[in-house]
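Heads up, the thing below is written out as structure tokens.
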Amino acid sequence: MLMDTVKYYLIKDSYDTLEDDLTKLISFLSLTPGVKTSRDSENPNKITISYTFKGVTLNADIEVTGGQMAAGETRVAQPTVILSSQPIDNILPNLVKIGATPLGFRLFGQSLNSFIPGDPTLLDITTEIMVQKPSEILRAKNFKPIFAFRNSTAIYAENLTDNSIHFVNEYLLNYFIKFGLKEGEETPEFSYKVAPNLKRFVPLFDNNLVPMNFYHYYQKPAKIINQSWFDVDKPTRKIFIQPLLFELNEAKQSFEPVAPRGSAVLIADKIRPGEGLDAALKRYLNEQFQMTTDYIGAVVQRVIEFDRDREALLTPRLIVKVFVEKLENKEQFEDKAQRGWTSINEGQPQ
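If you read the sequence shown in this note's numbering, its first letter stands for residue 21, the second for the next number, and so on.
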């Protein structure tokens, strides 16, 4: 085991194909220039990884523990897959994340006590990777850096007062790096809040509910991320919407689909006269699911579909992913979700 290591856990819903998964992961890592992998001859459950670049070598290992037969039973206990890396290294953990994500794994950072977002361009910077000057500025502003985009000072940081996660203004940070801070100067443009805490940030980010460009949503509501660029706040024409509902799983730090698209539990609707998308979604959730609480956020998908209304006019239809903390009265919809049909009187677009 490496000295002074940073640990991550590779977690997935089922480990039935673990050996095949590890073989594929080793193959992926071995194809990366500068990376070498090997299995420990004395411990075949341990994979050693090294990466050499410009004369500097970084080392990490993946080790499988547990998975022993339970006494008197046929089931096998869940194995534990641990990635150990050096504190100065965010290269190998990110390469493992890139290779492991398509295999169904998610990385759980021990130091963060949190899952790591799956985006390969977003790096975990809780290790000793931050250069001194940006770290000093963030500390002076009462922030702890958590994640940053590759080759960038666009950082998501934890507010040390209330543990909320903020998006730091990389342009202003770069200015302070170059010219320094003025003591006591107010800088409201330095950051804005994107999540109440790290546990909530991860599922929000993984589902495109967190801004990735500082000024795109600076001083603007970020509850609805509109990837279509269609006007959903004050539409001047008829618009159908197809909401797809996702419920928060706190333990897994993820959102899980309530029902597949086309299920009878998910009824198409429209943005009615005088409504924006926000009001339409609140009405929809109340009418279809009797939800009295607000939804967490929504993402309007980039692709716009078309359908004909009752007057045969071609009308755009937006696919909207809607994320809720808890679906109220969920049990009464389970039977309906199994149906493969929807009555014409159950909310067809008008």
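Built from N, CA and C at the ideal position, the CB exists for glycine as well.
**Q.** Cβ shell of Val116 (< 6 Å), same chain only, five flanking positions each side left out
**A.** Leu103
Q: If I'm right that Leu218 touches Ile136 with Cβ under 8 Å, what's the distance once you round it to whole angstroms?
A: 10 Å between Cβ atoms; not a contact.
Q) Which residues mark the beginning and the end of the alpha helix (DSSP H) in which Thr43 is found? A) 38-50
Q: Check Glu190 in the structure and name its three-state DSSP category.
A: helix
Q: In angstroms with no decimal places, state the Cα-to-Cα distance between His186 and Ala215.
A: 7 Å
Q. Name the DSSP beta bridge partners of Asp289, please?
A. Ile261
Q) Which residue comes first and which comes last in the alpha helix (DSSP H) that contains Gly129? A) From DSSP, Gly129 is part of no alpha helix (DSSP H) but of the beta strand (DSSP E) over 126-129.
Q.
Using 8 Å as the cut-off, can you tell me whether the stretch 305-320 makes contact with the stretch 335-350, which would need three or more C-beta pairs spanning the two stretches below that distance?
A. Verdict: yes, contact present.
Q | Same chain, Cβ closer than 6 Å to Gly124, five either side skipped, listed in chain order | A | Lys32
(Q) For Thr141, which residues in the same chain have their Cβ closer than 6 Å to its Cβ, ignoring the five residues on either side in sequence? (A) Phe169, Arg170
Q.
Quick test of the definition: if touching needs 3 or more C-beta pairs under 8 Å, does the stretch 297-314 touch the stretch 241-259?
A. yes
Q: Could you check what DSSP says for Gln321 in three-state terms: helix, strand or coil?
A: strand
Q. Given 8 Å as the limit, is there contact between the stretch 34-51 and the stretch 74-87, that is, 3 or more CB pairs closer than that?
A. yes
Q. What residue range is occupied by the uninterrupted alpha helix (DSSP H) comprising Asp298?
A. 297-309
Q | the stretch 173-180 touching the stretch 153-164, judged by at least three CB pairs closer than 8 Å | A | yes
Q | Stretch-stretch touch, CB-based, cutoff 8 Å, three pairs: the stretch 248-260 with the stretch 200-207 | A | no
Q) Excluding the five sequence neighbours on either side, which residues of its own chain have a C-beta within less than 6 Å of the C-beta of Ser50, listed in chain order? A) Thr57
Q. Just the Cα atoms here: how many angstroms apart are Asn189 and Phe234?
A. 6 Å
Q. Quick one, which of Thr100, Lys66, Thr68, Ile111 has its alpha-carbon nearest Val76's?
A. Ile111
Q | Lys66 - DSSP class collapsed to helix/strand/coil | A | DSSP places Lys66 in strand when its eight states are reduced to three.
Q | Option in Leu193, Gln273, Asn228 with minimal Cα separation from Gly129 | A | Gln273
Q | Rounded separation between Asp251 and Glu209 - CA only | A | Here the alpha carbon of Asp251 sits roughly 27 Å from the alpha carbon of Glu209.
Q | Supposed close pair Gly138, Leu45 - CB separation, criterion 8 Å | A | Gly138 to Leu45, Cβ: 15 Å. No contact.
Q.
Suppose contacts are defined by Cβ-Cβ distances below 8 Å. Is Thr52 in contact with Gln106 by that definition?
A. No.
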